[in-house]
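Working notes, beginning with the structure itself.
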Amino acid sequence: METPNYDNEFDAIVVGAGLAGSAAALTMASQDLDVLVLERGQSPGTKNVFGGVLYTPTVRELVDVDDAPLQRYVAEKRYGMLTETDETAVTMRPGEWLQEPHNDSYTVLRGSFDEWFAEQAVDAGATLLTETTVTDLVREGDREDGRVVGVETDRPDGTIRAPVVVVAEGANSLVSEGAGLRDHHDREDVAVAAKEVLQFDRDTIEERFHLDGDQGVAYNYFGEGAVGDAVGGGFIYTNKRTVSVGVAYSIEDAAAGRQNPQDTLDAFKQHPAVAPLVRGGRTVEYSAHAIPEGGIDAVPDLVSDGALLAGDAAGLVLNNGVHLEGTNMAVESGYRAGRAVAAAVDDGRVDDRALATYPEALAESFVVRNLQHYDFFQELAVDDREFLFSELPRALADAETEYFAVDREPKEAHAEAAKDRLLDATGGYVGAAKRAWKYRKLLS
Amino acid sequence: MSTTTDSQPLPDVPDVENASTEDRLYADKYTDHDESHLGVKVPGFCVEKCDTGDCVSVCPADVWRRDGDDEVPTIAYENCLECGSCRFACPHNNVTWEYPERGAGVSYKYG
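Read top to bottom, the protein sequences are chains A and G. Letter by letter, the first sequence follows residues 1 to 444 of the numbering used here. Letter by letter, the second sequence follows residues 1001 to 1111 of the numbering used here.
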């Protein structure tokens, strides 16, 4: 087969047609750069996995979201704290979420969404090559400290050179590690996620989750009933005709507790509060993914001479226990990287100083600002794990069981016992106040 | 006061009939590739240094299997979901991992 020549034909190469890569490609192509996107999957999305809810403010800036293959908008959120047998939950359905633009929160399946998003980049003028794996970066003069001038691929004429490379290869960042753009993640900083897509008919989903039309739910679960002794959680998201159910928890804990993802997923699905929601579905896909959750400290230098990191490859994921975000940060980082490259190419130089507008812009954006603000959380969650994931869910379940106990005792006695149970778990009023102080930044 | 963790299963909780790992993987689409994209760097490390088998614990697809603490794991690479967790999990940094070539390996339809 005739292979067209891609070498030295483009202003920029993007590694990976995920959300960060396509956002970068779309942004650059829109500013008249010749962009080549290399995707290892058979089509964009086929190697990609998330929960998932996509938050679309940045996507909306770049493309017409009304044309996007969205599943359902998030009409209801639920945070459920699980012991092995109990659930204590907060559910919310603000009226505003029912109205356009639905708080920019939609369930999405990556197979269709990423393919569509990559098409938007192609429509803007980018060239997409699928089934093409980038195996390494090419450096000037083959020197380790030479600037990045292209990529090695598994195509017949493997080397493709271009002045700039945006590496958006995802969480399992083999290329950026191999090329010395980032270190190997510590396993304390990475979560393993396993997810099943379960097929139902639309009516079953809408009846079971009390949904009308395009409404959907995003349920997040914590505590030992969700992921056993590990730090992490479980989730349920409704799509049009499928439900995504999964678990995600620290690889360190998976290893230390010999806690396997399939068993953890099985137990979560069988939880008394979860089983009625997921029973009876046909498994149409089983997937897994690693999630870089090291926070701001684990984010590497985002630019070097001729190369930029974006999305999961740059560790841009937020998990503060309440907000679980990554794909929106991927899109924003790709967009910011793309703008920086376009400006640098315009100026005719793409060294790290010319590309520095990317980390500067990202530092001012919600991406880095949120990571910095919630930087305290991961460490706190690990230090306080016994309380957060075990003692607190149990104390709440005990207290509510006590408080609402129906018998012939006066209610006062039950209320007193419920209060004692909660204070016992939190370390009295002083302990409760100390904890409230420690976690205050979650609300500020 | 009642306790919240009874060992007895609760009544009226529907059985969700979880699929086996094999059946779950059967739902996925794969394109075959002949050579394993996974391996161990130094088999001796698995034998001499490793008594935890973290690759086995963390793998969501039963790719890594091990009969005993002094064994080199077997690798059913064709089941791999390409999450990369084994690579992060190995405390001896002894996992080799390459992306399967030219679109081979798992292809997610939903994702």
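We put the CB at the ideal spot given by N, CA and C, even for glycine. All of these numbers come straight from a predicted model, not from anything done at the bench.
Proximal chain A residues relative to residue i, where beta-carbon distance stays under 7 Å
i                 : result
Asn1079 (chain G) : Those within 7 Å of Asn1079 (chain G) in chain A number zero; the least Cβ separation is about 10 Å.
Beta-carbon proximity list for residue i, same chain, < 8 Å, skipping 5 on both sides
i                 : result
Glu144 (chain A)  : Gly180
Thr159 (chain A)  : Asp7, Val138, Gly150, Val151, Glu152 and Thr153
Gly427 (chain A)  : Lys434 and Arg435
Asp1012 (chain G) : none
Pro57 (chain A)   : Asp104 and Asn328
Asp114 (chain A)  : Ala17, Gly18, Leu19, Ser22, Pro44, Gly45 and Asn48
Asp136 (chain A)  : Val151, Glu152, Val175, Gly178 and Ala179
Val1056 (chain G) : Trp1064, Arg1065, Arg1066 and Pro1073
Own chain residues within Cβ distance below 6 Å of residue i, not counting five before or after
i                 : result
Tyr55 (chain A)   : Asp104, Ser105 and Asn328
Ala218 (chain A)  : Val53, Val74, Lys77 and Tyr237
Pro1043 (chain G) : Val1072
Ile13 (chain A)   : Leu36, Val151, Ala162 and Val165
Tyr374 (chain A)  : Asn320
Gln31 (chain A)   : Ala342
Gly326 (chain A)  : Val317
Thr1005 (chain G) : Annotation note: pLDDT 48 at Thr1005 (chain G) (below 50); position unreliable, coordinate value reported separately. Nothing meets the Cβ criterion.
Glu188 (chain A)  : Glu252
Thr1031 (chain G) : Ala1104
Contacts that residue i makes with chain A (C-beta to C-beta distance below 9 Å)
i                 : result
Ala1076 (chain G) : Ordered by position in chain A, no residue passes the 9 Å Cβ test against Ala1076 (chain G), which lies about 14 Å from the chain.
Asp1054 (chain G) : Arg187, Ile251, Ala254, Ala255, Ala256 and Arg258
Beta-carbon separation (whole angstroms), residue i vs residue j, contact threshold 8 Å
i                 : j                 : result
Ala288 (chain A)  : Leu1081 (chain G) : 4 Å
Ala162 (chain A)  : Leu302 (chain A)  : Not really, about 19 Å apart at Cβ, beyond 8 Å.
Lys195 (chain A)  : Val49 (chain A)   : 7 Å
Phe1088 (chain G) : Ile251 (chain A)  : 5 Å
Ala381 (chain A)  : Glu87 (chain A)   : With 8 Å as the limit, Ala381 (chain A) and Glu87 (chain A) do not qualify as a contact, their Cβ atoms being about 20 Å apart.
Val322 (chain A)  : Leu442 (chain A)  : 6 Å
Leu62 (chain A)   : Thr132 (chain A)  : The Cβ separation is near 24 Å, so there is no contact.
Gly315 (chain A)  : Ala330 (chain A)  : That belief does not hold up - the Cβ atoms of Gly315 (chain A) and Ala330 (chain A) are roughly 11 Å apart, past 8 Å.
Val231 (chain A)  : Arg421 (chain A)  : Going by Cβ atoms, the distance from Val231 (chain A) to Arg421 (chain A) rounds to 24 Å, so no, they are not a contact pair.
Gly1084 (chain G) : Ala171 (chain A)  : 7 Å
Ala1027 (chain G) : Val284 (chain A)  : 6 Å
Closer than 7 Å at the beta carbon, the chain G residues around residue i
i                : result
Thr130 (chain A) : Gly1103
Val519 (chain A) : Any answer about residue 519 (chain A) is impossible in this case: the structure gives chain A only from 1 up to 444.
Gly150 (chain A) : The premise fails here: Gly150 (chain A) is roughly 18 Å from chain G at the closest Cβ pair, so nothing lies under 7 Å.
Gly111 (chain A) : Tyr1108, Lys1109, Tyr1110 and Gly1111
His289 (chain A) : Cys1083
Gly41 (chain A)  : Gly1103 and Ser1107
Thr159 (chain A) : Within chain G, no residue comes near Thr159 (chain A); the closest Cβ sits about 16 Å away, beyond 7 Å.
Asp266 (chain A) : Asn1018
Val197 (chain A) : Tyr1110
Thr127 (chain A) : The premise fails here: Thr127 (chain A) is roughly 17 Å from chain G at the closest Cβ pair, so nothing lies under 7 Å.
Contact set between residue i and chain A, taken where Cβ atoms lie within less than 8 Å
i                 : result
Trp1097 (chain G) : Asn172 and Leu174
Val1058 (chain G) : Val192, Ile251, Ala254, Ala255, Asn260 and Pro261
Same chain, Cβ closer than 7 Å to residue i, neighbours up to 5 away in sequence not counted
i                 : result
Ser173 (chain A)  : Arg182 and Ala313
Leu98 (chain A)   : Ala75
His271 (chain A)  : Leu82 and Gly225
Thr357 (chain A)  : Ala340 and Ala343
Ala29 (chain A)   : Val35, Ala121, Ala124, Gly125 and Ala126
Arg336 (chain A)  : Tyr358, Ala361, Leu362 and Ser365
Lys1109 (chain G) : Lys1029
Gly111 (chain A)  : Gly45 and Thr46
Gln71 (chain A)   : Tyr106, Thr107, Val108, Leu109, Gly216, Asn239 and Lys240
Ser1002 (chain G) : Residue placement at Ser1002 (chain G) cannot be trusted, given a pLDDT of 44 that sits under 50; what the coordinates show is reported in the next sentence. No residues qualify anywhere along the chain.
9 Å Cβ cutoff, residue i in contact with chain B
i                 : result
Gly1039 (chain G) : No chain B appears in this structure, whose protein chains are A and G.
Amino acids of chain G, ordered along the chain, whose beta-carbon sits closer than 8 Å to that of residue i
i                : result
Ala400 (chain A) : Residue identity check: residue 400 (chain A) is Glu in the sequence provided, not Ala. Going along chain G, no residue has its Cβ under 8 Å from Glu400 (chain A), so there is no contact; the nearest lies around 10 Å.
Gly45 (chain A)  : Tyr1108 and Gly1111
Thr88 (chain A)  : Within chain G, no residue comes near Thr88 (chain A); the closest Cβ sits about 10 Å away, beyond 8 Å.
9 Å Cβ cut-off: residues of chain G touching residue i
i                : result
Arg440 (chain A) : Result: empty, since nearest Cβ-Cβ is about 28 Å, beyond 9 Å.
Asp154 (chain A) : Tyr1099, Glu1101 and Arg1102
His184 (chain A) : Arg1087, Phe1088 and Asn1093
Thr327 (chain A) : The contacting residues do not exist; Thr327 (chain A) stays about 11 Å from chain G at best.
Using 8 Å as the threshold, is the stretch 352-371 of chain A in touch with the stretch 381-397 of chain A, meaning 3 or more CB pairs across them?
no
Does the count of Cβ pairs from the stretch 343-351 of chain A and the stretch 290-300 of chain A closer than 8 Å reach three?
no
Do the stretch 298-315 of chain A and the stretch 350-362 of chain A meet, that is, are 3 or more Cβ pairs less than 8 Å apart?
yes
Contact between the stretch 258-273 of chain A and the stretch 111-130 of chain A: three or more CB pairs below 8 Å?
no
Below 8 Å, can you find three or more Cβ-Cβ pairs linking the stretch 1015-1023 of chain G to the stretch 270-281 of chain A?
yes
Are the stretch 161-178 of chain A and the stretch 191-208 of chain A touching by the rule of at least three beta carbon pairs closer than 8 Å?
no
Using Cβ-Cβ distances below 8 Å, what residues of the stretch 1004-1030 of chain G are close to chain A?
Thr1004, Thr1005, Asp1006, Leu1010, Val1013, Pro1014, Asp1015, Val1016, Glu1017, Asn1018, Ala1019, Thr1021, Asp1023, Arg1024, Leu1025, Ala1027 and Asp1028
The stretch 1048-1058 of chain G touching the stretch 1091-1100 of chain G, judged by at least three CB pairs closer than 8 Å:
yes
Selection of the stretch 271-287 of chain A by Cβ proximity to chain G, strictly under 7 Å
Pro272, Ala275, Pro276, Val278, Arg279, Thr283, Val284, Glu285, Tyr286 and Ser287
May I ask you to list, following chain order, the residues of the stretch 216-237 of chain A that have a beta carbon less than 7 Å from some beta carbon of chain G?
none
Would you list, in chain order, the members of the stretch 351-373 of chain A that have their beta-carbon closer than 8 Å to a beta-carbon of chain G?
none
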